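Novice:
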Amino acid sequence: MTKFYNDYLGFQELSIDDTLIKVSDLVALIEDSEFKDQLFKLFDIESIKNDTLCIPGLKKIVDSIITRDLEYEKVDVDCHISDVSCVEMIDKNTVKLRFYFPDTDEYLEANTAYSSKRDYFESHYKLDRFANFCITQGHFDLLQENINYLNEKYQDSDSCTKKFRLLRDKCDDYFVRGITSVKAYNDYNIRFSLFVSVIAIHNAMKRNNYTFKITGCEYSESFIRLYFQKNSPTIIPEIGELNFVLEMSNDEIKREAFKFSGLFTIETFKKKTKVLLKPKNIKNKWISIQHNFLPSTVTEQLEMLSDFIANAEKEMKEDILELDKIENPDYLRFFLLRKIEKSNNPQLGTYKKAIKEKLDTKIGRISDLIILMGKIDEIVLDFDLKEYLRYLFYDVLRDKKKK
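Numbered per full-length UniProt numbering, the sequence shown spans residues 1 to 403.
This is the structure in structure tokens:
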């Protein structure tokens, strides 16, 4: 099977080339976008096309995203669920789907990828658990019989047409990436989200006289998570530097996946360990953009970015500051250890033993706890699990006042 990419560009790699680009260079991201003309008008790109984007690391990311994006063609197929059949089990995590097009009497086959197997069985049939049972116990024919029976029952329903996002690789093999509604779905893809985010941040920087640098970027063919660190650190005595980070993330498949969140990094004076902390919720709502928004609504949301940055940074600082005044840092280590032990996150299972070994050492300073958190982050390779750990780390340090 084709290997899907899941890339990470860190600060060291991004800082090798400090070449700055102009807004006109950024336009390459949306050159083939159906929204190009609207975005030019909404952002008045013509008036700022010669502006230099003073965001170090941006050129490397734009070049990498465009190059990687050429590896797959994204194909959206509108198909009635009764015209989709499950024809083959590839392995316990993958099945082959056949899409039939009655108008042309043609069909196309594609293997499921990522979570699309679960989405296919569960979103319409509510059969994911049953499907997994049949696949693992050798009853695939029984699963097919149930799918075919339900397809016959629903073939005249007008509400059963779905949009399937397929990926076609250079060998002309197709893969099912995800399933969405055919109604009001706008393809706000990785290139689109990167373009509008950078323009919005550029405008916010000009209005507020602050600067950002990109400290990291995680991305695949359908997902991106990008970190813009504000260049205005707060010093926490005897511990390290606290920096606000604006995170932009976008999943092309999920309904409300294009959003901005706030994080903090703590970098210790000792050993220069850096840890990302992220709250699940703050009073100041995240900026969230749905795929059914009009482009004009997208720009309206992004106009709130300056206020979001100011309010999120202020609220999160109140949670994290005064770490140097904690009397019993080892209690927080123990608190984190218990959270890891009691976690039901299935992705964490593989790493639990190694993480517990790291945390099985008493500490006397908060800086030592930050260093332990950094070591845990290094152990974990999965991006989604790293995100989960950021929530845990934030909760532990936020609850310091209760200890």
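Cβ atoms here follow ideal geometry from the backbone N, Cα and C, with glycine treated the same way. This structure is a prediction, so every number in the text was calculated from the model and none was measured.
#1: Quick check: the Cα distance between Leu372 and Ile239, rounded to an integer number of angstroms?
#2: Measure the beta-carbon distance from Ile282 to Leu58 and round it to whole angstroms, keeping in mind my assumption that it falls under 8 Å.
#3: With DSSP run on the structure shown, which of helix, strand or coil describes Met205?
#4: Met89 and Phe140: beta carbons closer than 8 Å?
#5: Go ahead and label Glu378 buried or exposed: buried means 16 or more other beta carbons lie within 10 angstroms of its beta carbon, across all protein chains shown.
#6: For the stretch 3 to 11 against the stretch 210 to 224, are there 3 or more C-beta pairs whose distance is under 8 Å?
#7: Checking 8 Å against the spacing of the C-beta atoms, do Thr273 and Val245 come in under that value?
#8: Rounded to a whole number of angstroms, what is the C-alpha to C-alpha distance between Leu127 and Leu143?
#9: Let me know if Ile16 comes out buried or exposed under the rule of 16 or more other beta-carbons within 10 Å of its beta-carbon.
#10: One question on the structure: do Glu109 and Tyr174 come within less than 8 Å of each other, judged by their Cβ atoms?
#11: Compute the Euclidean distance between the alpha carbons of Phe308 and Ala204, then round it to the nearest angstrom.
#12: Quick check: what's the CA-CA separation for Gly374 versus Tyr394?
#13: Can you say whether residue 404 is buried or exposed, counting buried as having 16 or more other CB atoms within 10 angstroms of its CB?
#14: Reducing DSSP to helix, strand and coil, say where Leu277 ends up.
#15: Using three-state DSSP, classify Asn148 as helix, strand or coil.
#16: Ends of the alpha helix (DSSP H) at Ser220?
#17: Which residue marks the beginning of the beta strand (DSSP E) containing Asp7, and which one marks its end?
#18: My guess is that Phe29 and Phe195 are in contact by the Cβ rule of under 8 Å, so how many angstroms apart are they, rounded?
Specialist: Taking the definition as stated:
#1: 13 Å
#2: At roughly 27 Å, the Cβ-Cβ gap does not stay under 8 Å, so Ile282 and Leu58 are not in contact.
#3: helix
#4: yes
#5: exposed
#6: yes
#7: no
#8: 9 Å
#9: exposed
#10: yes
#11: 11 Å
#12: 13 Å
#13: As displayed, the chain neither begins before 1 nor continues past 403, which places residue 404 out of reach and without an answer.
#14: strand
#15: helix
#16: It is not in any alpha helix (DSSP H) - Ser220 instead sits in the beta strand (DSSP E) that spans 212 to 220.
#17: 6 to 10
#18: Per the sequence shown, residue 29 should be read as Leu rather than Phe. That pair is a contact at about 4 Å.
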